[in-house]
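Numbering of the sequence shown is given in this note's numbering, commencing with residue 1291 and proceeding in unit increments. Glycine included, every Cβ here is placed at the ideal spot set by N, Cα and C. Reading through the C-alpha cells given below for one structure.
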Amino acid sequence: EKGLEPDPVTNEIRPHVLTSWEVADPSGTTLVFKVHPKLFVHDVAPYNGRQFTAEDVAWNMMRIGGLMAKGGPFEEKGAVPLAQFQRASMVANITKAEAVDPLTVKVTLSRPNNAFFNGLTENRVPFMPKEAADIGFADPMKLAGIGPFQVSEWKNDQRASFKKNPRYAEFRPNEPYFDKVDQIVIPDAGAAQAAFISGQTNIQAAPSPDVIALMKKGRPDSNLYTWVDQNWQHIRMSVEYAPFKDFRVRKALHLTGDYKAMAEGYYGDGWSYQASLNPMFPEAWSPEKVKSLPGYNPDTKEKDRAEAGRLLAAAGFPNGKGLDFELVYTGSSDVNKENGTRFQSQITTAFPEIKFRLKALADSAALNAVQNEGKFQLVAYTITSAPDAVIEFTSQYHSKGSRNYGHFNEPSLDALMDKAIVELKRENRTAMLDEAQRKFMDEWMPMYVLYAQPVKNIVQGNIGGYDTTAGIAYGYSSQTKICRWYYVEK
C-alpha cells in the first residue's frame, strides 16, 4: 500500500494510507500528513497484527529518500549504497520525517518540493512495517505488510499463495474480493500461454498480434483489455563512452532509428508516440507533436538519415567509421531484445562502418548491476514513468538523478530542474518543462525514447474488467490491482 494513490486516468492525488497532506509553513519546507487509523500489519510474528502508525510512515519516507543508505544521516544496519535507492527522487529534498503523534507525520525538507505529494503515489514506493529491514527479506514467510493479502505459502521457483487479510476491510470496506490468490511459476511464454488456454490461469499477457490470435482461438470467450501504459521503451547511452559525449553522435543515432518500426514490429497496434515525457503528463508534448519531429516522423526518415550522416562526419566519424559499441539487455525480456535487435539493424544498415554488438545478460538482477554501476555503452530497457513530470525529468537526466544510469551531466538541465521543483506557479512550471522538452531534442539527447507501450492482457471470460484500475497514470495496474477485479460465476 502506497502513501497516496493516483487516479488511473487523471493522475489526481487520492488519499490512501495517508488521509490528508498539507504544506504547513510559508517557506514550503514543512509537510504534515495524517495516517489512516484503521491500518493493521498482518497477524504474523513479530508484528502480531499491531496498528500501522506514523512511526512506520516516517521510517518509510526516510528510507525511500536514501537517508538510511550507507553513509546517510540515518544509516541503517546492513545499509546498501545510495545508488540502490532508485526511487529517492520521489521524495527529493527530504532531510527528516518524524511522528508527531501516533497518526501524524511531519516531514522537513531542505528546500521546497512541489512534487513531493505526487512522488508518494509512485507504484514502487509501497510502505512496510518499520521492523522489516531488521527482519530481512530472505525468507518470504517472514514478510508482512498492510495490504489485502498476506503470504501463506512460498516455494521458490514453483508457486506462492496469498490469503485474505481479514482486517483489510476496516481500511477499504468490502475488499479484497477474493479469499485467496495463487501465483505459479511457469518457465517460458509458450507454457504460460498453454496454462491460460487450459484454464489453469486467469490472466495472460498478450503483447503481440500472434499471441492474441492464439489465445482467442484457444479460449474464444476470453476478453482482451488494452490501453496505453505509463511504461515506455528506451535505449540509453552512457556518456562514459567517449563518442557519446558528443551531442552530434547522440543525435545522429536518434535520427537513424525507426521507432514506428520498433513499436509495430513487437506490439502491432495500441502503442503511442512519446519523446522525453510520457503522454500521461499534462505538460508532455502530445503524441501527434512527437510524431512530427525529426527522428520520430516516419515520413521524413530518408531526410533524417542524411542529416545523421552529416552529423557523424562533422563529429569525426564519416559513415560511422570508428564507432564501436555494445548494447546490453536482459535475456528475460523479449521486448527489450527486439528493440535492441531492430535498432542494431537500422543503425548498421544505414551506416555499415559502425561496429554494433548485442549482449544478452542473464536476468534483471544482472542488468540492474550493470546499470547501477554505469558499466555499459548502450542498454535497452523499460522505464515506468514517475508520477510527476519534474520528478521524471530529474530522476532520469539530472546529474544527481536516482535513475541517471548513463551519468549524463548537463549543468543547464540541472539548473532548470532545480528551478522547476520549487516553482509554485503552475504556468511557470509548465513553461520550464516545455523548455526542457525542446532542449532534450535540440541540445541534450541523453536517451533514445522509443515509444509508450500498450498494456495488452487477456483474461478469462468469467473475469470482469479493469473498470477502476485501467489508465495511463497507474503503471502495472494490470498486475497489481487484482483485488479490484470482480468474479462472475457461470
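*Ordered list of beta strand (DSSP E) runs contained in the segment 1478-1564, each at least 3 residues*: You should have 1493-1495 and 1513-1527.
Can the beta-carbon of PRO1298 be found less than 8 angstroms from the beta-carbon of THR1672? Position 8 of the sequence shown holds residue 1298. Position 382 of the sequence shown holds residue 1672. Cβ distance not < 8 angstroms, so PRO1298 and THR1672 don't count as in contact.
- Message: Strictly by DSSP, which residues pair up with ALA1450?
- Response: As a working note, residue 1450 is residue 160 in the sequence shown. Per DSSP, the beta-bridge partners of ALA1450 are TRP1444 and GLN1473.
Practice problem: Drop a sphere of 10 angstroms on the beta-carbon of GLN1448, count the other beta-carbons inside from all chains shown, and report buried for 16 or more, exposed for fewer. | Solution: Stepping through the sequence shown from its first residue, residue 1448 is reached at position 158. When all chains shown are included, GLN1448 counts as exposed.
Original post:
Across which residues does DSSP place GLU1616 in a beta bridge pair?
Top reply: Position 326 of the sequence shown, counted from the first residue, corresponds to residue 1616. Partner(s): ARG1647.
- Query: How many angstroms separate the CA atom of LYS1420 from the CA atom of ARG1377?
  - Reply: Position 130 of the sequence shown holds residue 1420. Position 87 of the sequence shown holds residue 1377. Distance between the alpha carbons of LYS1420 and ARG1377: 18 angstroms.
| said: Using only the alpha-carbon positions, how far apart do VAL1331 and VAL1390 sit? | reply: Within the sequence shown, residue 1331 is the residue found at index 41, counting from 1. Within the sequence shown, residue 1390 is the residue found at index 100, counting from 1. Cα-Cα distance, rounded: 20 angstroms.
Residues near SER1689 in its chain [Cβ-Cβ closer than 6 angstroms; skip 5 each side]: Start at 1 with the first residue of the sequence shown, and residue 1689 comes out as number 399. Scanning its chain for C-beta atoms nearer than 6 angstroms, with the 5 sequence neighbours on each side dropped, one finds around SER1689 the residues ASN1699 and ASP1704, in chain order.
Legend entry - Minimum length 4: unbroken alpha helix (DSSP H) runs contained in the segment 1657-1701: For secondary structure counted as the alpha helix (DSSP H) over 4 or more consecutive residues, the segment 1657-1701 holds these complete runs in sequence order: 1679-1687.
With DSSP as the reference, please indicate the residues paired to THR1343 in a beta bridge.
The residue you call residue 1343 lines up with position 53 of the sequence shown. In the DSSP output, where bridge partners are listed per residue, THR1343 has none listed.
Please name the residue in ASN1747, PHE1615, SER1562 and PRO1608 whose C-alpha comes closest to that of LEU1740. As a first step, residue 1740 must be located in the sequence shown, where it is residue number 450. The shortest Cα separation from LEU1740 among ASN1747, PHE1615, SER1562 and PRO1608 belongs to SER1562.
Practice problem: Could you work out which residue in PRO1416, GLU1592 and ARG1353 is closest to ALA1369 when comparing CA atoms only? | Solution: Numbered from 1 along the sequence shown, position 79 holds the residue referred to as residue 1369. Looking at the Cα atoms, ARG1353 is the closest of the given residues.
Tell me which residues share the same chain as LEU1706 and place their Cβ nearer than 7 angstroms to its Cβ, disregarding the 5 neighbours each side in the sequence. Here residue 1706 refers to the residue found at position 416 of the sequence shown. The beta carbon of LEU1706 sits closer than 7 angstroms to the beta carbons of MET1722, GLU1725 and ALA1726 from its chain, once the five residues preceding and following it are set aside; these are given in chain order.
- Task: Run the CB neighbour count on SER1635, radius 10 Å, all protein chains shown included, and call it buried at 16 or more, exposed below.
- Result: Locating residue 1635 in the sequence shown gives position 345, where the first residue counts as 1. SER1635 is exposed by the Cβ-count criterion.
Check your understanding: In the segment 1343-1403, which residue ranges form an unbroken alpha helix (DSSP H) of at least 4 residues, counting only runs that do not cross its ends?
Key -> Runs of the alpha helix (DSSP H) lying entirely within the segment 1343-1403 and spanning at least 4 residues, in chain order: 1344-1354.
- Query: First and last residue of the alpha helix (DSSP H) that includes TYR1458?
  - Reply: Here residue 1458 corresponds to residue number 168 of the sequence shown, with the count starting at 1. Start and end: 1458-1461.
Practice prompt. Could you tell me whether the segment 1341-1350 touches the segment 1414-1428, using the rule of 3 or more Cβ pairs below 8 angstroms?
Written response: With a cut-off of 8 angstroms, the segment 1414-1428 and the segment 1341-1350 count as touching, because enough Cβ pairs lie within range.
Is ASN1629 helix, strand or coil when you go by DSSP? For this step, residue 1629 is matched to residue 339 along the sequence shown. Helix.
Determine the contact status of GLY1293 and GLN1520, defining contact as a CB-CB distance below 8 angstroms.
As a working note, residue 1293 is residue 3 in the sequence shown. As a working note, residue 1520 is residue 230 in the sequence shown. Their beta carbons are not under 8 angstroms apart, which means GLY1293 does not touch GLN1520 by this criterion.
Where ALA1387 falls, given that 16 or more other Cβ within 10 Å makes a residue buried: By one-based count along the sequence shown, residue 1387 stands at place 97. Taking all protein chains shown into account, ALA1387 has 16 or more neighbouring C-beta atoms within 10 Å of its C-beta and is therefore buried.
Mapping DSSP to helix, strand and coil, what is GLN1743?
Residue numbering aside, residue 1743 sits at position 453 when the sequence shown is read from its first letter. Strand at GLN1743.
Check your understanding: Okay, do the segment 1464-1476 and the segment 1494-1504 touch, 3+ Cβ pairs below 8 angstroms being the bar?
Key -> Taking a contact to require three or more Cβ pairs closer than 8 angstroms, the segment 1464-1476 and the segment 1494-1504 do not qualify as touching.
Does DSSP put GLU1417 in a helix, in a strand, or in coil? Here residue 1417 refers to the residue found at position 127 of the sequence shown. At residue 1417 the sequence reads Phe, which differs from the Glu that was named. In this structure, PHE1417 counts as coil in the three-state DSSP scheme.
- Starting from the C-beta of VAL1334, find all residues in its chain whose C-beta is less than 6 angstroms away, skip the five residues before and the five after it, and write them out in chain order. Indexing the sequence shown from 1 puts residue 1334 at position 44. Closer than 6 angstroms at the Cβ level, and outside the excluded window around VAL1334, lie ALA1434.
Margin query: Between which two residues does the beta strand (DSSP E) holding VAL1313 run?
Written below: Stepping through the sequence shown from its first residue, residue 1313 is reached at position 23. For VAL1313, the uninterrupted beta strand (DSSP E) run begins and ends at 1308-1313, by DSSP.
Taking all protein chains shown into account, do 16 or more other C-beta atoms lie within 10 angstroms of the C-beta of THR1639, making it buried, or fewer, making it exposed? Locating residue 1639 in the sequence shown gives position 349, counting from the first residue. With fewer than 16 Cβ atoms within 10 Å of its Cβ, THR1639 is classed as exposed.
*So is LYS1746 buried or exposed if we call it buried at 16+ other beta carbons inside 10 Å?*
Walking along the sequence shown from the start, residue 1746 turns up at place 456. Within a 10 Å sphere around the beta-carbon of LYS1746 sit 16 or more other beta-carbons, which makes this residue buried.
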